[in-house]
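Numbering follows the numbering used here, with no gaps: position 294 of the sequence shown is 294. Have a look at the structure below, then the notes.
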Amino acid sequence: MDKLRIVGGNRLSGEVSISGAKNAALPILCAALLTPDPIVLRNVPALNDIHTTLKVLGQLGVKVQWLEPGVVQLQANEISSYEAPYELVKTMRASILVLGPLLARFGQARVSLPGGCAIGQRPVDQHIKGLAALGADIRVEHGFVVAKAKKLQGASIRTDMVTVGGTEQFLMSAVLANGTTVLENAAREPEVVDLAELLISMGASISGHGTDRIVINGVGQLHGTDYTVVPDRIEAGTFLCAVAAAGGEITLRNAAPDTMGAILDKLTEAGLQLETGSDWIRASMHGRPRAVGIKTFEHPGFPTDMQAQIMALDSIANGTSFIVENIFENRYMHVPELIRMGADIELDGHTAVVNGVQQLFGAKVMATDLRASASLVIAALAATGETIIDRIYHLDRGYERMEVKLKALGAQIERLRG
Ligand code: EPZ
């Protein structure tokens with residue numbers, strides 16, 4: 001297993017190019033199932049989760065061809081299977097998103113339940129509830145979701161809670177259904193908007209995406225497209241936390257600041273000086289960060305995927321901060337690892353109280369999940385001495401060549417092949 005070795009203390013400077021958004025690319029790849037035509041997708045990040053999704057699609061019979069780095073062509077004109085196996089789905093829960101497109105286009109699907117993951121139980125009951133509302137005969141048996149539908153029928157779907165994956169599942173199901181579907185309580189994340197825009201570029205009729213009420217008028221079929229994935233706001237936010245913690249001045253290229261309101265507001269409050277253009281962000285940090293409190297909420301609130309990174313910054317900030325994780329039930333596994341580096345953090349249920357310390361110290365730590373890994377990298381960049389982060393396959397799921405990008409910004413970082 002690869003490790004990262006980081007020696008902290010270097011200020012960051014220079015430019016970094018932000019990759020395409022993992023959480024937009026994953027559902028967008030699954031949308032290829034909705035048409036027999038080829039679709040070309042650009043700005044697709046080279047991540048383990050992307051490769052796993054392409055493997056799942058390949059097993060269904062989708063033709064996958066990388067035209068150049070970041071550009072992949074998919075064609076689902078010879079689908080040979082309607083089953084997504086446990087072996088692949090268990091490693092990448094977003095594979096559950098092949099369920100809706102298979103059902104919408106082929107009337108059948110058998111997809112393994114994803115199972116939980118480190119940050120939570122991750123149920124899919126809302127996905128099942130919504131597909132049933134669209135007329136699917138759907139049930140869970142032997143660890144699989146088994147679904148059939150002659151033709152999905154438009155319906156009104158209100159989920160019990162806001163669910164990003166659920167909203168994406170219903171978008172990709174309703175586009176080929178008979179009649180109109182209304183999603184109430186829909187997710188408003190930029191990645192959901194990007195999926196809706198991709199579907200519209202394929203001929204779908206969708207309005208209201210980006211609000212909590214989305215209307216989809218089913219069409220007979222969808223056609224091919226050539227579409228560019230939105231930049232990754234969480235990767236961008238992670239680099240901004242890194243420069244806020246380590247100090248220095250960096251410029252993010254190929255970013256989408258207009259999708260990052262809550263993140264940019266919070267980092268400004270922490271003392272990061274920011275300038276933005278349509279696709280770039282310049283950030284400079286002088287002096288010690290100020291402690292900032294966050295409560296995670298659905299978009300446009302502060303994103304749960306940035307909670308661990310902000311906590312690393314708060315660990316060395318001037319003051320005490322309160323962090324409340326409202327979305328996932330177990331998203332504090334970075335806390336014991338940060339404490340090993342000298343952080344002063346107390347957990348009380350969903351709340352973490354962070355008393356900023358003057359400095360952290362390098363240590364051997366272990367990554368436990370994707371964003372926890374990013375949190376440890378940020379802490380290590382600011383710490384005194386050497387940190388070795390183990391199990392960084394978690395990091396590789398969601399960050400493209402993180403150590404290469406950080407090294408180019410002046411960090412003392414290297415990957416130890418394990
Ligand atoms: C997406 O996960 C993201 N993943 C997550 O990013 C992100 O943290 C999450 O949305 C919230 O923004 C992808 O897009 C691939 P949800 P998703 O359905 O769709 C509960 C990362 O680090 N729920 O919005 O699985 C669920 O348990 C990852 O990049 C149900 O109870 O999240 C959670 O508490 C981590 N039943 C809450 O809703 C359901 O049927 C939000 O989950 C569905 C969800």
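We treat Cβ as the ideally placed atom computed from N, Cα and C, and that holds for glycine.
Judged by DSSP in its simplified three-state form, Tyr-227 adopts strand. Using a Cβ distance threshold of 8 Å, Asn-185 and Arg-158 count as a contacting pair. Secondary structure within the segment 68 to 112: the beta strand (DSSP E) runs of 3 or more consecutive residues, fully enclosed, are 71 to 75 and 108 to 112 (chain order).
The three-state secondary structure of Gln-309, taken from DSSP, is helix. In this structure, Val-377 lies away from Met-341, with their beta-carbon atoms at least 8 Å apart. As computed with DSSP, Met-285 is found in a beta bridge with Gly-248. Cα atoms of Val-182 and Ala-196: separation of roughly 14 Å, rounded to the nearest angstrom. Excluding sequence positions up to five before and after Ala-46, its CB lies within less than 6 Å of the CB of Glu-400, all in the same chain and listed in chain order. Per DSSP, the continuous alpha helix (DSSP H) segment holding Glu-191 begins and ends at 190 to 201. By the Cβ-count criterion, Pro-69 is exposed, with fewer than 16 other Cβ atoms from all chains shown falling within 10 Å of its own Cβ. According to the DSSP assignment, Phe-170 belongs to the alpha helix (DSSP H) that extends over 164 to 174. In the DSSP assignment, Arg-371 falls within the unbroken alpha helix (DSSP H) covering 370 to 382. Per DSSP, the unbroken alpha helix (DSSP H) holding Asp-396 starts and ends at 393 to 396. Within the same chain, Val-215 come within 7 Å of Ser-207 by CB-CB distance, once the 5 residues on both sides are set aside.
Ile-250 sits close to Leu-12, with the two beta carbons spaced by under 8 Å. In this structure, the straight-line span from the alpha carbon of Gly-218 to that of Asp-49 is close to 30 Å. For Met-366, the pairing in a beta bridge is given by DSSP as Asp-390.
Look at Arg-122: its beta carbon is less than 7 Å from one of the heavy atoms in ligand 1. Below 8 Å, enough C-beta pairs join the segment 160 to 180 and the segment 89 to 100 to call them touching: three or more.
In this structure, ligand 1 has no non-hydrogen atom nearer than 7 Å to the beta-carbon of Met-333. Closest option to Ile-234, judged by alpha-carbon separation, among Ala-380, Ala-372 and Leu-113: Ala-372.
Going by DSSP, Val-404 is part of the alpha helix (DSSP H) stretching over 402 to 408.
Within the DSSP bridge table, the entry for Gly-120 names Cys-117 as partners.
Spatial neighbours of Ala-363 in its own chain (CB-CB distance under 7 Å, excluding positions within 5 residues in sequence) are listed in chain order as Arg-340, Met-341 and Thr-387.
Under DSSP, Asp-344 shares a beta bridge with Asn-355.
In terms of side-chain proximity, the C-beta atom of Asp-258 is found no nearer than 7 Å to any non-hydrogen atom of ligand 1.
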